[in-house]
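Enquirer:
Number of protein chains: 2
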Amino acid sequence: MAVHGPAMTDVARLAGVSHQTVSRVLNGHPNVREQTRLRVRAAIAELGYRPNGAARALVTGRSQVIGVVAQNTTLYGPASMLAALEQTAAEEGFAVSVGSVRNLDHRSISAAVERHLSHRVAGIVVIAPVESAGEALEHLPQDVPLVTVDGDPSRPVPLVTVDQVAGARAATQHLLDAGHRTVWHVSGPFDWFDSVGRIDGWREALLAAGVDPPPLMPGDWSAASGYRCGQMLARMPEVTAVFTSNDHLALGVLRALHEFGRRVPHDISVVGFDDVPEAAYFIPPLTTVRPDFDAVARASLQMLLAQIETGTGGAMRQTIAPALVARESVAPPRS
Amino acid sequence: MAVHGPAMTDVARLAGVSHQTVSRVLNGHPNVREQTRLRVRAAIAELGYRPNGAARALVTGRSQVIGVVAQNTTLYGPASMLAALEQTAAEEGFAVSVGSVRNLDHRSISAAVERHLSHRVAGIVVIAPVESAGEALEHLPQDVPLVTVDGDPSRPVPLVTVDQVAGARAATQHLLDAGHRTVWHVSGPFDWFDSVGRIDGWREALLAAGVDPPPLMPGDWSAASGYRCGQMLARMPEVTAVFTSNDHLALGVLRALHEFGRRVPHDISVVGFDDVPEAAYFIPPLTTVRPDFDAVARASLQMLLAQIETGTGGAMRQTIAPALVARESVAPPRS
DNA sequence: GACGTCTCTGTTAACGCTAACAAGATTTGG
DNA sequence: CCAAATCTTGTTAGCGTTAACAGAGACGTC
Chain A
9 MAVHGPAMTD VARLAGVSHQ TVSRVLNGHP NVREQTRLRV RAAIAELGYR PNGAARALVT
69 GRSQVIGVVA QNTTLYGPAS MLAALEQTAA EEGFAVSVGS VRNLDHRSIS AAVERHLSHR
129 VAGIVVIAPV ESAGEALEHL PQDVPLVTVD GDPSRPVPLV TVDQVAGARA ATQHLLDAGH
189 RTVWHVSGPF DWFDSVGRID GWREALLAAG VDPPPLMPGD WSAASGYRCG QMLARMPEVT
249 AVFTSNDHLA LGVLRALHEF GRRVPHDISV VGFDDVPEAA YFIPPLTTVR PDFDAVARAS
309 LQMLLAQIET GTGGAMRQTI APALVARESV APPRS
Chain B
9 MAVHGPAMTD VARLAGVSHQ TVSRVLNGHP NVREQTRLRV RAAIAELGYR PNGAARALVT
69 GRSQVIGVVA QNTTLYGPAS MLAALEQTAA EEGFAVSVGS VRNLDHRSIS AAVERHLSHR
129 VAGIVVIAPV ESAGEALEHL PQDVPLVTVD GDPSRPVPLV TVDQVAGARA ATQHLLDAGH
189 RTVWHVSGPF DWFDSVGRID GWREALLAAG VDPPPLMPGD WSAASGYRCG QMLARMPEVT
249 AVFTSNDHLA LGVLRALHEF GRRVPHDISV VGFDDVPEAA YFIPPLTTVR PDFDAVARAS
309 LQMLLAQIET GTGGAMRQTI APALVARESV APPRS
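Sequence lines, in order, name chains A and B.
Per the numbering used here, the very first residue in the first sequence carries number 9; after that it's consecutive.
Per the numbering used here, the very first residue in the second sequence carries number 9; after that it's consecutive.
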C-alpha cells in the first residue's frame, strides 16, 4: 500500500516553522522573510514534499482541475481541441480531466458533467457540437463556470466557436472565384452545429452569387460516407466543384472520383475543411479551411478562468475566424 | 461565487439519520436497514446531493482519478489509446486526467507526473513510446501504481504493449508471400519503441526468408516525410514492395509514387500500420496492420487497478497482438 | 520614551468525508 | 426468559490544507 508522503507539518517541523508559514511560501504570500522562505524551500526539496491537492480542494472549494466533456476524441477536430486545451490549461496551472461520452445525448452529457462536478472541478468546457447537448446544459447548476465550444449559438451559454459559416463561405467563394458555375456540398451530420454552420455558409455564398444551391449530399464525417457521395457526384457530368464539410469526407470523394476516372482538379475541384496534417498529401493536395484550434482553446480557457475568478456567468461569446489554405485540388472548370 | 452544494450532513438531517449512515448508503455498506437506505436515497435525490470527491480523496488517501501522461494526443495512435482508456476507466468509476507533454524528455515527463501526483491520482498510465521516457520513470516514488504503454521493454516497469515486432513481421511476410523478392521500409523516428519494434520485425521477416534487408528509409510519422521517402523509392525501379511504419507515411509514399507514375499495387505494393479510419479510402485502399487499442487500454487499466488494490508493484507485462488488414494496395510483383 | 503601524509568524477552526469504536436494538440459542 | 451474538445506528477523531485572527518584534513619529 502506498506510503503516504510527507505533509505540510513535516516540512514545517524540519524548517522550524509553523505549517501555516509553509502554506504561505507555497502560495507566494508576500509577508514571509526571505530567509524563512529559503529554509522552507530547502525543507520541501529535502523531503520531496508535494502539496495535497485534495486537501486544498476541500478547503478552498475548488480544485485546479478543469473538466472537459467531449464526444469522440478520436476525430481530428476534437482531439486537437483537447490537446490545445490541455496545453493552455497546463500553462495556467490547471489539470484537465476528460469525460468523453459515447453519445452526445442529454443523459450522457449530464452524467459526464455530474462526474466532473463530484470531483469539484473548477470549471467545465463542453465540446458540444450537437443539438442535444444544449438541452443537457440548461439544467445544470447555475454556479458552475462553464464554456461551450462549437455549441448552440442560440442558447444563453458562454460560447467559443469557430466561424463555420465564414469558413464555408470562403471555401465556396474560392470555388466560385475559380470560375465554377455552382458548388456542390457534402455535409456532415445535421445535428452537429459545425455541420449546419458550414451548410449555411455554403448556401449563403451561392445565394450571394445568385446561384440556386444544388441538392445537399448528406454525409457523417467519415471517409466512407464521402466515398458514397463521391460515387454519385462522379456520375453527374454537370458537377465541377465540391465543397465537403471535412477533409475525411473529401478523401472519400477524391477516391470515388478517381475510381470513376474523374480527375481532380482537372474535371472536378474539391475543397475540404479542417486541414488535417495529411491533407497536403492527398491525391491531389487538398485545398481546405483551417480552424485555429489553439486560438479556440486559448479563448475558451480565458473565458472560463474569468468566470472562475469573478464568479459571474454571463453570456459571453467569441468567434474565431478560420483561414483558407489553397492547394492543388482547385482549378478553373474546363470548357 | 459558487454557492456550495449540500453536504452529507444536510442529507443526514433531512433523512433524520447521522451523516455516517449516509456515508454507508453511499458506499454500499451492507448493514443498513432497507427502509433507512430508501429514506437516505430520497433525501439525496431531493437535495441534488453530490459527494465531494476531494473530501473523500483526502480521507482515503486516493482519488478516483487516473492520470495519463502522453505526448502528442493529436496523433491517431495516442488519441485512440487515450479515448479507449477513458472509456474503460469510466466503466470502473474512474476519471481520467490528461497530462500531455510537448516533449517526451526526462524533465517534461517528470513534471507531468508530479502534477498528477499532487492531485493524488490513484495511478498513472504513461503512454511513453520513447527512449527518454524510461529514465524519467526510474526516479519515480516507488509507491505509485504505474503502467507504461508501448514503453521500454528492457525496464522493470509494468508494461502493456502492442506487439510491434509481430505486426511488422506479418506486414513484411504478407508482401513476401505475395511474391516480392524483398521489402523496403519507411520507418518512424528511432527514439520511438514502436518504430524500433517495427524495424526489428521487418528485418526479422526478411532474414528469416533469407533476404538481405535493403537500406532503411527513415521518416518521422508524418505524411510529409513519407512523401520525401516515396520520391526516392519511386525513382528506384527495383523497388516493388514497401512497408511503412504508419498509415500517414504510407499516404505520403502513395502520393509520391502517384506523381512519378508508379501505380499501386500494379508496380509497387504498399503496407501501412495503424489502420486509421481513412486508410480504407486511400488511393488505393491501404493494406495495413491494426493494433487493438481497446485491448491495450483494457489490459493497462486492469493492471493498474490490480496494483491499486493490492499495492504490489511487480514487473508485469502484457503484449497485444495486432492484426493484418488486407486491402488493395498489395499485389504480386509484375515481372 | 510611548504609541501606532508595519512585517512576520503562530494558533485555531473549519472544509466534507471515512474509519474506528461505542452503544442501543434486535435476534438467536439454550 | 436471560445471556450472547448480530444487526443497525450514532459519536468522535482525524485526513492536509487554507482562512481568520492574534500576537510579537521592528520601525517610525511625535
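We put the beta carbon where it would ideally sit given N, CA and C, even for glycine.
What are the residues of the stretch 93–125 of chain B that lie near chain A, defined by any Cβ-Cβ distance shorter than 8 angstroms?
Expert: E94, Q95, A98, A103, V104, S105, V106, G107, S108, R110, E122, R123, H124 and L125
Enquirer: Between the alpha carbons of A/T248 and B/Q310, how many angstroms are there, rounded?
Expert: 53 angstroms
Enquirer: Have a look at A/L215 and A/Q239 and give me their C-alpha separation to the nearest angstrom.
Expert: 26 angstroms
Enquirer: Is the stretch 246–264 of chain A in contact with the stretch 276–283 of chain A, if contact means three or more CB pairs nearer than 8 angstroms?
Expert: With a cut-off of 8 angstroms, the stretch 276–283 of chain A and the stretch 246–264 of chain A count as touching, because enough Cβ pairs lie within range.
Enquirer: Nearest-angstrom Cα distance between A/D202 and A/V106?
Expert: Their Cα atoms are separated by approximately 21 angstroms.
Enquirer: Under 8 angstroms between the Cβ atoms of A/D255 and A/D220?
Expert: No, the pair does not count as a contact, with Cβ atoms beyond the cut-off.
Enquirer: Could you tell me which uninterrupted beta strand (DSSP E) segments, each at least 3 residues in length, are contained entirely in the stretch 39–81 of chain A, listed from first to last along the chain?
Expert: 73–78
Enquirer: With a cut-off of 8 angstroms, do at least 3 Cβ pairs link the stretch 118–131 of chain B to the stretch 68–78 of chain B?
Expert: yes
Enquirer: In three-state DSSP terms, what is A/V157?
Expert: Under the three-state reduction of DSSP, A/V157 is assigned to strand.
Enquirer: Take the Cβ of A/G56 as the centre, count every other Cβ of all protein chains shown within 10 Å, and call the residue buried at 16 or more, exposed below.
Expert: exposed
Enquirer: Who does B/Y316 pair with in a DSSP beta bridge?
Expert: According to the sequence displayed, residue 316 of chain B carries Ile and not Tyr. DSSP, once it has assigned bridges, lists no residue as partnering B/I316.
Enquirer: Where does the unbroken alpha helix (DSSP H) through B/R21 begin, and where does it stop?
Expert: Judged by DSSP secondary structure, B/R21 falls within the alpha helix (DSSP H) whose first and last residues are M16 to A23.
Enquirer: Are the CB atoms of B/V261 and B/P237 within a distance shorter than 8 angstroms?
Expert: Sequence check: residue 237 of chain B is Cys here, not Pro. Yes, they are a contact pair.
Enquirer: Is the CB-CB distance between B/T327 and B/D208 below 8 angstroms?
Expert: no
Enquirer: With H, G and I counted as helix, E and B as strand and the rest as coil, what does DSSP make of A/R325?
Expert: strand
Enquirer: Compare the C-beta of B/I135 with all C-beta atoms of chain A and state if any pair is closer than 8 angstroms.
Expert: So no, B/I135 is outside the interface.
Enquirer: For B/D302 and B/L332, what's the separation of their Cα atoms in angstroms?
Expert: 16 angstroms
Enquirer: Just tell me which of B/R123, B/V30, B/S230 and B/G69 has its CA closest to the CA of B/T53.
Expert: What sits at residue 53 of chain B in the sequence shown is Ala, not Thr. Checking every option, the nearest Cα to that of B/A53 belongs to B/V30.
Enquirer: Excluding the 5 residues preceding and the 5 following A/S233 in the sequence, name in chain order all residues of the same chain whose CB lies nearer than 7 angstroms to its CB.
Expert: Contacts found: G227, L257 and G260.
Enquirer: Beta-carbon of A/H127 versus every beta-carbon of chain B: anything under 8 angstroms?
Expert: yes
Enquirer: With a cut-off of 8 angstroms, does the C-beta of B/H256 fall near any C-beta of chain A?
Expert: Output row for B/H256: interface = yes.
Enquirer: With three or more beta-carbon pairs closer than 8 angstroms as the criterion, would you say the stretch 175–190 of chain A touches the stretch 288–300 of chain A?
Expert: yes
Enquirer: From the DSSP output, read off the bridge partner residues of B/I132.
Expert: DSSP output for B/I132 lists B/G75 and B/L154 as bridge partner(s).
Enquirer: Taking only beta-carbon positions, decide if B/V73 is within less than 8 angstroms of chain A.
Expert: yes
Enquirer: Should B/S230 go down as buried or exposed, given a rule of 16 or more other Cβ atoms within 10 Å for buried?
Expert: buried
Enquirer: Going by beta carbon distance, what residues of the same chain come within less than 6 angstroms of B/A186, once the five residues before and after it are set aside?
Expert: V338 and P340
Enquirer: Let me know if A/A120 comes out buried or exposed under the rule of 16 or more other beta-carbons within 10 Å of its beta-carbon.
Expert: buried
Enquirer: Since I believe B/A305 is in contact with A/S108 (beta carbons under 8 angstroms), could you give me their beta-carbon distance rounded to a whole number of angstroms?
Expert: With a Cβ gap of about 12 angstroms, A/S108 and B/A305 do not count as contacting.
Enquirer: Name the chain A residues whose beta carbon is nearer than 8 angstroms to that of B/P291?
Expert: Here residue 291 of chain B turns out to be Ile, not Pro, going by the sequence shown. Residues of chain A passing the Cβ test: L262, R263, H266 and I291.
Enquirer: Where does A/M225 sit, in a helix, a strand or coil, going by DSSP?
Expert: strand
Enquirer: Which residues in chain A have a C-beta closer than 7 angstroms to the C-beta of B/G61? List them in chain order.
Expert: Listed along the chain, the chain A residues whose CB falls inside 7 angstroms of the CB of B/G61 are S126, H127 and R128.
Enquirer: Under a CB-based cut-off of 8 angstroms, is B/R58 close to chain A?
Expert: yes
Enquirer: Where A/A23 and A/A174 are concerned, what is the direct C-alpha to C-alpha distance, given to the nearest angstrom?
Expert: 60 angstroms
Enquirer: With a Cβ-Cβ cutoff of 8 angstroms, do A/V152 and A/L112 count as a contact?
Expert: no
Enquirer: State yes or no: is the C-beta of A/M244 within less than 8 angstroms of the C-beta of A/V157?
Expert: no
Enquirer: Go ahead and pull the three-state DSSP assignment for B/R115.
Expert: helix
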